[in-house]
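**Q** I have a structure I would like to understand better, so I am pasting it below and will then ask my questions one at a time.
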Amino acid sequence: MSTPSKTPKSQILKSLALVLAVVLLSSHDLYLKMGTYFLQPNQEARISLYNGTFERSENIITRDRMLDASIVIGGDRRAIQADQWQDQDSTITQLPFKAEGEGTYLVGVSTQAKNIELAANEFNDYLEHDGVSDMLEQRTQAGLLDQDAVESYQKHVKAIFQVGDAKTEDWKTVLDYPIEFVPQENPYEKYSGENLAIQLLLEGEPLANQLVYADFIQTAHSHEGQEHSHEHGESTHTHDDESGSEETHTHTSGQKLRTNNQGIVTVDLPEDGIYYIRTIHMVTTPESEELTHQSKWATLTFEVTHKHGADTHTHDDHDHEEGIPTWVFVLGSAILIGLFYLIFRKKD
Amino acid sequence: MTRIKLTQGLFVFLFFIPLVGFGHDVTSADQELLRNGGLWAYVQVGATHMLTGYDHLLFLAGVIFYLNSFRDIVKFITVFTIGHCITLIGATYAGVTANEHLVDAVIALSVFYKGFENLGGFEKLKVKSPNLLLMVGLFGLIHGFGLSTRLQSFEMGDGQMLAKILCFNLGVEIGQILALIPIVLIISIAKKYPRFPAFYKAVNSYLILAGIGLFAYQLYGYFFGH
């Protein structure tokens, strides 16, 4: 079936719209992400700073932007030095890491504030696509949708991962970031089918009535995970972002939650997967001559597995006979063959 | 006499060298490797998966046991390779997957089948055995689908999907060759000894038992593990 021929004008308009969409919808979330959040003691791994979507990082984070980078192990909060980070392909900043003893580890990164200028329509689109619905509603109610914005934004991200089987208490460490998520229970004592209460702190105090989005990628199948792609609205021309992304998905898939009076949301954990929780807290800044808005972004990532799998066939068991140690299989097989051999030799 | 016993014991030991030598668990480090190591990582993980996949190796050992000439070995392994390449590449690229336990259960049956056939099971049942080359090709398709579901269990990220699949497949072939070398060598040497018939029966009886055991294990995993 043929399609109507397009005029050059319509093609140009379409291209412009596409470019505009790229500019408007390519803002970046920041996540601390690992291939798996289940490690063994002394195992080497990489902790990646994903600046883009949860599935794809598009830009590195320069060290001068990091106000804090910490890892908490066994109650000891250690600073991650700038030279410990490595950049891969100018798209991902990574921390080569070697696990120590068993325990629940916490890692966090806090970045300094930067400013961004956005035209009114760009700002409105960004609020919509990033799920900053309260501010969009506020602008709508006040009749301010035509006002340009100068926004100060800062991002504060955490990840919790499990080394070995023993659970420790570092998961609940408050890193004193301007905004941060703090689980109310150890995520690694939660399993798929359950839920997890997570508190949101703003300047150390519970933040009530704040929109929080929770989503996950399945660890069982990569293609399905990619369908959860999110895009955010930092404008490419004013940030470090050199994104060429043409994805225009909204950021608001998954669970849309609102914190209660204690700043707590209850996140459902329906399936095995890597969960990522995000929020953008934005306020107007009427007292500022330079800024119109200030936002503080927070994310938290962790992995959830099912109860049975936690002990027997976890993510560090991608081998074919998961749950059967190799030596058991080999020894058992050798004994069986030996016995059979003796039997058949006697028969012969 | 003592020397013969020692040699016989050596057969058993050497037979498992591929498993002992490479049978380390494939850990989450693989996921990290795939995420950060580029295409070469897919080759490495593909090879590792083949070498640590007991069911694949047992089936291959069963095939080799039955064959007498190097030409036959090349022919059958080529058919098996073509079979698993088709489903490994095709299913992964198309995103077709299935429950891993069920796929692995069918693969376990292939191990059982090979042991059963090698011991003349069909003849004893007075049933004509299916064309072996055809069956090896069919099982190649199933094994490839098993490898595909395994590959798809990893987060592969965006881009270069076909290249990643091909590199994983290349790794599988490298792993297969590495596994086949000692298997062919050991079976060839074993055939020179007078006690080979007992060894042949012992290993193939073991294949039957291992096939049943792995099949039951996978079904248990399917019904109770997930």
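Line by line, the protein sequences are chains Y and L. If you count by the numbering used here, then the first sequence holds residues 1 to 348, one letter each, in order. If you count by the numbering used here, then the second sequence holds residues 1001 to 1226, one letter each, in order. Glycine included, C-beta positions come from ideal geometry on N, C-alpha and C. From a predicted model like this one, the values you see are computed outputs, not experimental measurements.
Using only CA atoms, which one of L:Arg1150, L:Val1184, L:Phe1223 and L:Leu1207 lies nearest to Thr1092 (chain L)?
**A** L:Arg1150
**Q** Verify whether the separation of the beta carbon atoms of Leu144 (chain Y) and Leu136 (chain Y) is less than 8 Å.
**A** no
**Q** Give every residue of the same chain whose Cβ lies closer than 6 Å to the Cβ of Gly338 (chain Y), excluding the five residues on either side of it in the sequence, and list them in chain order.
**A** none
**Q** Taking the straight line between their C-alpha atoms, what separation do you get for His1079 (chain L) and Phe1065 (chain L)?
**A** Checking the sequence shown, residue 1079 (chain L) turns out to be Val, not His. Cα-Cα distance, rounded: 16 Å.
**Q** Between which two residues does the beta strand (DSSP E) containing Val109 (chain Y) stretch?
**A** Gly103 to Thr111
**Q** Is there a Cβ of chain Y sitting closer than 8 Å to that of Glu1155 (chain L), yes or no?
**A** For Glu1155 (chain L), the answer is yes, since a Cβ of chain Y falls inside 8 Å of its Cβ.
**Q** Pull up the DSSP beta-bridge partners for Asp68 (chain Y), would you.
**A** Y:Ser110
**Q** Only counting runs of 4 or more residues, tell me where the alpha helix (DSSP H) segments fall wholly within the segment 104-191 of chain Y, in order along the chain.
**A** 120-129 and 133-141
**Q** Give a yes or no on whether 8 Å exceeds the smallest Cβ distance from Asp348 (chain Y) to chain L.
**A** yes
**Q** Excluding sequence positions up to five away, which residues of its chain have a Cβ less than 6 Å from the Cβ of Ala310 (chain Y)?
**A** The predicted position of Ala310 (chain Y) is uncertain, since its pLDDT is 38 and thus under 50; a value taken from the coordinates is nonetheless stated next. Excluding residues within five positions, none has a Cβ falling inside 6 Å.
**Q** Report the residue from L:Leu1219, L:Phe1224 and L:Leu1214 whose alpha carbon sits nearest the alpha carbon of Tyr1113 (chain L).
**A** Comparing Cα-Cα distances from Tyr1113 (chain L) to each of L:Leu1219, L:Phe1224 and L:Leu1214, the minimum goes to L:Leu1214.
**Q** Mapping the DSSP letters down to three states, classify Asn209 (chain Y) as helix, strand or coil.
**A** coil
**Q** My guess is that Tyr150 (chain Y) and Glu290 (chain Y) are in contact by the Cβ rule of under 8 Å, so how many angstroms apart are they, rounded?
**A** A quick correction: the sequence has Val, not Tyr, at residue 150 (chain Y). With a contact defined as Cβ atoms closer than 8 Å, Val150 (chain Y) and Glu290 (chain Y) qualify at about 6 Å.
**Q** In the structure shown, what three-state DSSP assignment does Met1156 (chain L) receive?
**A** coil
**Q** Check whether the Cβ of His1024 (chain L) lies closer than 8 Å to any Cβ atom in chain Y.
**A** Only weak support is given to the placement of His1024 (chain L): the predicted model assigns it a pLDDT of 32, under 50, and the value that follows is read from those uncertain coordinates. Using a CB distance cut-off of 8 Å, His1024 (chain L) counts as an interface residue toward chain Y.
**Q** The segment 331-347 of chain Y: which residues have C-beta closer than 7 Å to a C-beta of chain L, in chain order?
**A** Ser333, Ala334, Leu336, Ile337, Gly338, Phe340, Tyr341, Phe344 and Arg345
**Q** Just confirm the distance between the C-beta atoms of Thr111 (chain Y) and Lys158 (chain Y), as a whole number of angstroms; I'd bet it's less than 8 Å.
**A** About 13 Å separates the two Cβ atoms, so there is no contact after all.
**Q** As a quick exercise: from L:Gln1152, L:Phe1116, L:Ser1188 and L:Ile1177, pick the residue whose alpha carbon is nearest that of Leu1209 (chain L).
**A** L:Phe1116
**Q** Give a yes or no on whether the minimum CB-CB distance between Ile217 (chain Y) and chain L is below 8 Å.
**A** yes
**Q** Check the Cβ-Cβ distances between Phe1059 (chain L) and every residue of chain Y, and say whether any is below 8 Å.
**A** no
**Q** Just to confirm, is the Cβ distance from Thr301 (chain Y) to Tyr276 (chain Y) under 8 Å?
**A** Closer than 8 Å, so yes.
**Q** Using three-state DSSP, classify Lys1126 (chain L) as helix, strand or coil.
**A** The answer is coil: DSSP assigns Lys1126 (chain L) none of H, G, I, E or B.
**Q** Once you ignore the five residues that flank Thr259 (chain Y) on each side, which residues in its own chain have a CB closer than 7 Å to its CB?
**A** Leu200, Leu207, Ala208, Asn209, Gln210, Val212 and Val265
**Q** Between the C-alpha atoms of Gly1121 (chain L) and Asn1204 (chain L), what's the straight-line distance to the nearest angstrom?
**A** 11 Å
**Q** I'd like to know whether the C-beta atoms of Ile92 (chain Y) and Tyr31 (chain Y) end up nearer to each other than 8 Å.
**A** Between Ile92 (chain Y) and Tyr31 (chain Y), the C-beta gap is not smaller than 8 Å, which leaves the two residues out of contact.
**Q** With DSSP as the reference, please indicate the residues paired to Ser295 (chain Y) in a beta bridge.
**A** DSSP lists Y:Tyr153 and Y:Met282 as partners of Ser295 (chain Y).
**Q** In whole angstroms, what separates the C-alpha of Val132 (chain Y) from that of Asn124 (chain Y)?
**A** 9 Å
**Q** Out of Y:Ile160, Y:Gly193 and Y:Leu39, which has the shortest C-alpha to C-alpha gap to Gln184 (chain Y)?
**A** Y:Ile160
**Q** Listed from N- to C-terminal order along the chain, which residues in the segment 31-50 of chain Y have their beta-carbon within a distance smaller than 8 Å of any beta-carbon of chain L?
**A** Met34, Gly35, Thr36, Phe38, Leu39, Gln40, Gln43, Glu44, Ala45, Arg46 and Ser48
**Q** For Phe216 (chain Y), write down the residues that DSSP places opposite it in a beta bridge.
**A** For Phe216 (chain Y), DSSP records a beta bridge to Y:Tyr275.
**Q** Phe349 (chain Y) versus chain L: which residues are under 7 Å apart at the beta carbon?
**A** The structure shown does not extend to residue 349 (chain Y), since chain Y is modelled only from 1 through 348, so no value can be given for it.
**Q** Using C-beta distances below 7 Å, list every residue in its chain close to Thr238 (chain Y), excluding the 5 sequence neighbours before and after it, in chain order.
**A** Note that Thr238 (chain Y) has pLDDT 36, beneath the 50 cutoff, so the model's placement of it is unreliable and no number is given.
**Q** Just reading off the alpha helix (DSSP H) that Ala82 (chain Y) is part of, what are its end residues?
**A** Looking at the DSSP string, Ala82 (chain Y) is not in any alpha helix (DSSP H), and its letter there is neither H nor E.
**Q** Check whether the Cβ of Phe329 (chain Y) lies closer than 8 Å to any Cβ atom in chain L.
**A** yes
**Q** Along chain Y, in chain order, which residues have C-beta atoms closer than 7 Å to that of Phe1199 (chain L)?
**A** Tyr341
**Q** Between which two residues does the beta strand (DSSP E) carrying Asn51 (chain Y) extend?
**A** Looking at the DSSP string, the run of the beta strand (DSSP E) that includes Asn51 (chain Y) is Glu44 to Gly52.
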